Amino acid sequence: MSLLGTPFSPVPFIVGLFDTYPIGACLRVGMDSGFWTGNFGGIQDGVALLTNGLLHSNIGTPIDGIRPVVRIPLRSITFVSQ
């Protein structure tokens with residue numbers, strides 16, 4: 060099988076941060092403006108999926124209500140923790 064002619068699509072290094080977490084793990088996913096808490100739903104089309112996601116400010120105050128599914132662009136993620 061030849062790879063000639065197939066576009067090279069690098070996997071963002073941030074994807075490696077999710078390698079040790081199983082689907083359903085409760086995570087905190089940080090961004091510049093705050094962080095999300097929720098259950099890990101996987102990585103799809105350049106976004107991390109969280110279920111039952113809740114957005115928090117940088118000081119930890121909830122900003123909005125729980126959302127059933129949150130799609131966080133991988134390029135926006137600054138940290139991942141459990």
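When we follow our numbering, the leftmost residue of the sequence shown carries the number 60, and every step to the right adds one.
Virtual Cβ for every residue (Gly too), placed ideally from N, Cα, C.
Every value quoted in this text rests on a predicted model; they were computed, and no experiment measured them.
Three-state secondary structure assigned by DSSP to residue i
i	result
Gly75	helix
Ser92	coil
Ser140	strand
Through-space distance from residue j to residue i, alpha-carbon basis
i	j	result
Asn117	Asp91	8 Å
Pro121	Leu86	15 Å
Gly142	Ile102	Not covered by the structure: residue 142. The range shown for the chain is 60 to 141.
Pick from the options that is closest to residue i, judged by C-alpha positions
i	options	result
Ile82	Leu113, Gly97, His115	Gly97
Asn111	Pro132, Gly124, Gln141	Gly124
Gly100	Val129, Arg134, Phe94	Val129
Ile131	Leu109, Asp78, Phe77, Leu113	Leu109
Neighbour-count burial assignment, residue i, 16 or more Cβ in a 10 Å radius
i	result
Phe138	exposed
Ala107	buried
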